[in-house]
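In the working numbering, the protein residues as written are 14 to 293.
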C-alpha cells in the first residue's frame, strides 16, 4: 500500500514526461522568439558565433527534452518502426539536396511514422532524424525542432481522420507546410544566410531581387517550398499506407484505435487497456 507521502510510480512517470515535454516546447519557443525579435546579424556565421551557439543549443536542447519525454511512453511497435522513418528521411533528404531540388523530401519517414504510430512517435522520429543526419550534415541540426512539429502535426492529422477522408490529405499537407515554413525561416535566414540547395537558393534570390529583406525572402521561400513539399509527402504517404495489406495496416495500434484509415477496425478490449501514451 502506498504511503500518503509517496507519489505512486504510475503517476510520477507521466508527470516527469509531461514536465520534459513542457520544458522542451518552452525552450524551442524561446529560441524561435529570440531569432525573430533580435534578428542577430552575426548568426549567419554559423554555430561559431555566440548567437549561432544559442540557437543551436536552444533547438537541439529543446528537441532533446522532447525526445526524453516522448520515448518512454512509446510502445515497442513504434520504437521498432522509427529507424525505418529515420532512414527514409535522411536518404530522400540527401537525394533532394544532391539534385538541387526546390523541395526537401526529408520528412517522408516522419509523416509515415506519424500516420502509423501517432503524433508522439512522429515528433520523436523528426528530432532523431535531424540529430543523426547532423552528424555528417550540420545544416540539418538546427531544424530538428521544426521536424518534430511536422511529425506531431502529421500524427494529429491522422488522428483527426484526415487520412480517412482522402480529399483532406493534401490540405493537411499544405497546412503542415505553412507551419514548417514559418518555423524554419528564421533559422535559415539568420543562421545560414538563407543558404540551402540550388533550388531553394534560386527562390530566395528571386524574392531578394524584388526588394525583400533576408527574413522575408526566406519566409516566402519556406512557405513556397514547404507547402509544395508537404503536399507531395502527405500524398505519397497516403498512397504507401493504402498500398499495404489491410492486415498489416490494422496491426498498428494507433491506426486501429483511431480508425486512421478507411477500413481500419477499432481496437479490441486488450488494446484499449494499453498505456495512455499509445493513444497519442
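Note that beta-carbon positions come from the ideal geometry of N, C-alpha and C, so glycine has one too.
| query | In chain order, what residues of the same chain have a beta carbon less than 6 Å from the beta carbon of residue 220, not counting five sequence neighbours either side? | reply | 230 and 233
| Rounded C-beta distance between residue 98 and residue 122? I'm assuming under 8 Å. | 3 Å
| request: Could you tell me if the beta carbon of residue 53 falls within a distance shorter than 7 Å of some heavy atom in the ligand COA? | output: Ligands are entirely absent from the displayed structure, and the ligand COA is therefore not among its contents.
| Runs of alpha helix (DSSP H) lying entirely within the segment 127-154, each at least 4 residues, in chain order | 132-146
| Count the other CB atoms within 10 Å of the CB of residue 175; is the residue buried (16 or more) or exposed (fewer)? | buried
| query | Is the Cβ-Cβ distance between residue 316 and residue 247 less than 8 Å? | reply | The first residue shown for the chain is 14 and the last is 293, placing residue 316 beyond what the model contains.
| task | Determine the closest residue to residue 192 out of 210, 166, 137 and 223, with distance taken between C-alpha atoms. | result | 166
| said: At the level of alpha carbons, what is the spacing between residue 150 and residue 228? | reply: 23 Å
| field | Three-way DSSP call (helix, strand, coil) for residue 121 in this model | value | helix
| message | Please tell me whether residue 83 and residue 130 are closer than 8 Å, where the distance is taken between their beta carbons. | response | no
| Exposure of residue 2, with buried meaning 16 or more beta-carbon neighbours within 10 Å | In this structure the chain extends from 14 to 293, so residue 2 is not present and cannot be described.
| Selection from 270, 101, 81 and 209 that minimises the alpha carbon distance to residue 253 | 101
| task | Along the alpha helix (DSSP H) that carries residue 234, what are the first and last residues, could you check? | result | 227-256
| Counting along the chain, where does the alpha helix (DSSP H) carrying residue 47 start and finish? | 22-51
| request: Please confirm whether residue 177 and residue 272 have their CB atoms less than 8 Å apart. | output: yes
| message | Check for me: the alpha helix (DSSP H) holding residue 111 runs from which residue to which? | response | 89-112
| request: Over the uninterrupted alpha helix (DSSP H) stretch that includes residue 270, give me the two end residues. | output: 266-271
| task | Tell me whether the beta-carbon of residue 198 lies closer than 8 Å to the beta-carbon of residue 235. | result | yes
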